[in-house]
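Residue numbers (numbering that gives the first Met the number 0): 0 to 334. Even glycine gets a Cβ: it sits at the ideal position worked out from N, Cα and C. For reference, the structure is listed below as structure tokens.
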Amino acid sequence: MKQLLLFFCFVAGAHAAWSQATLSPTTSITFTVAHDGSGNYKTIQEAVNSFRDHMQVRVTLFVKNGIYAEKLVIPSWKPNIHVLGESKEGVIITGDDYSGKAYPGGKDWIGNRKYSTYTSYSVFVDAPDIILENLTIRNTAGRVGQAVALHVDGDRFVCKNCNLLGNQDTLYAAAEGSRQYYENCYIEGTTDFIFGKSISVFQSCTIKSLSDSFITAAATPSYQKYGFVFFDCKLIADAAAKKVYLGRPWRPYAKTIFIRTTMGEHILPLGWDNWDNADNEKTVLYAEYKSTGPGGNPSKRVGWAKQLSDKEAKPYTLANIFSAQSVWMPNTKPE
């Protein structure tokens with residue numbers, strides 16, 4: 000009887016400690032997510048929803064291998080989350096929504112009857128200070144038009160060692176002023192599959208074109224100094240992709256720069272496209288520095304693109320790029 004009483008006291012104490020941890024804004028927390036029920040939660044969304052809003056310390060969601068068929072939203076009031084997968088290939092967050100697809104039930108909460116590019120995501124990050132690591136995000140809608148895998152609006156966002164898979168519009172690095180850092184990621188798609196207004200750095204990423212089209216479609220605001228910057232990346236292609244542009248401007252002041260990037264033979268000699276508007280050539284900043292590989296020859300690039308000198312390339316550092324509003328440097332070391 001005494002042992003049974005001690006057991007119930009232990010369970011009650013553990014429950015109280017767990018409840019206190021989930022409510023405290025100053026206690027570091029780790030949850031385990033496992034679709035088979037062996038963790039604290041079966042879905043990532045359930046875990047995100049479970050803890051206190053506006054946490055000021057890191058909340059780690061360790062996600063066990065499995066396929067998570069959920070439309071994951073990390074809202075603005077859930078900052079400081081680290082979604083850490085058990086393995087890059089084993090943790091798969093997947094969806095199949097696309098622009099023009101009818102909403103289940105007829106319409107969404109504001110009356111839209113169909114998904115748009117902006118609501119087609121498999122994962123939407125709206126909160127600041129989010130880290131996604133060691134997992135796969137995919138949109139399996141196929142070649143049906145715009146179908147986003149990852150949509151990021153939040154500031155100070157980090158994505159490390161992840162696969163981002165889709166076709167058109169795979170990665171929507173969306174909000175102006177949002178600082179986003181992608182390291183050692185694999186990103187694939189067909190048309191404009193890295194697009195948006197953000198200040199985004201891609202470090203040591205592999206970027207695969209699946210068809211003849213355009214890799215980037217930046218929409219950098221005119222007052223924003225930086226757009227998309229690629230460091231030490233590798234551009235590869237499916238066998239079907241033989242004529243690929245580095246980018247075209249979704250908006251007139253688009254800024255996209257490739258630094259020390261290895262480019263496959265699928266990259267067209269011209270390099271860049273003006274989206275059928277010669278006026279864009281007067282405002283965009285499309286540039287390269289020390290491109291290599293069969294597609295990296297600068298001799299036939301369009302006349303309105305730039306080849307940076309050593310002096311011009313020197314200011315392109317993480318500290319400079321990410322200090323637009325306030326000082327921020329992404330933590331590139333394991334936590």
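With a 10 Å radius around the Cβ and a threshold of 16 neighbouring Cβ atoms, residue 96 comes out buried. Here the alpha carbons of residue 49 and residue 273 stand approximately 47 Å from one another. For residue 317, the enclosing alpha helix (DSSP H) covers residues 317–320.
About 6 Å separates the beta carbon of residue 87 from that of residue 162, a gap short enough to meet the 8 Å contact definition. Rounded to whole angstroms, the gap between the alpha carbons of residue 91 and residue 98 is 22 Å. Between residue 107 and residue 65, the beta carbon gap of about 28 Å keeps them out of contact (Cβ cut-off 8 Å).
The three-state secondary structure of residue 102, taken from DSSP, is coil. Leaving aside the five residues that flank residue 282 on each side, the residues in its chain whose CB is nearer than 7 Å to its CB run, in chain order, 251 and 252. In the DSSP assignment, residue 199 falls within the unbroken beta strand (DSSP E) covering 198–202. The beta strand (DSSP E) runs of length 3 or more contained entirely in the segment 31–113 are, from start to end of the chain, 58–62, 65–67, 71–73, 80–84 and 90–94. Looking from the CA of residue 329, the closest CA among 201, 241, 270 and 262 belongs to 201. Residue 242 and residue 102 have their alpha carbons spaced roughly 35 Å apart. Rounded to the nearest angstrom, the gap between the Cα atoms of residue 56 and residue 29 is 11 Å.
Unbroken alpha helix (DSSP H) runs of no fewer than 4 residues, entirely contained in the segment 174–238, are not found. Fully enclosed beta strand (DSSP E) runs of no fewer than 3 residues occupy 254–258 and 284–288 of the segment 249–329, in order along the chain. Here the alpha carbon of residue 187 sits roughly 32 Å from the alpha carbon of residue 310. As DSSP reads the structure, residue 171 sits in a beta bridge with 150 and 194.
The Cβ atoms of residue 190 and residue 167 sit closer than 8 Å to each other. Taking residue 267 as the centre and dropping the five residues before and after it, the same chain places the C-beta of 242, 243 and 244 closer than 7 Å to its C-beta, in chain order. Closest by C-alpha distance to residue 165, out of 147, 155 and 157, is 147. The beta carbons of residue 127 and residue 74 sit no closer together than 8 Å. Its chain contains no residue whose beta carbon lies nearer than 7 Å to that of residue 314 once the 5 sequence neighbours on both sides are disregarded. Cβ neighbours of residue 261 within its own chain (closer than 6 Å, five residues either side excluded): 233, 291 and 292.
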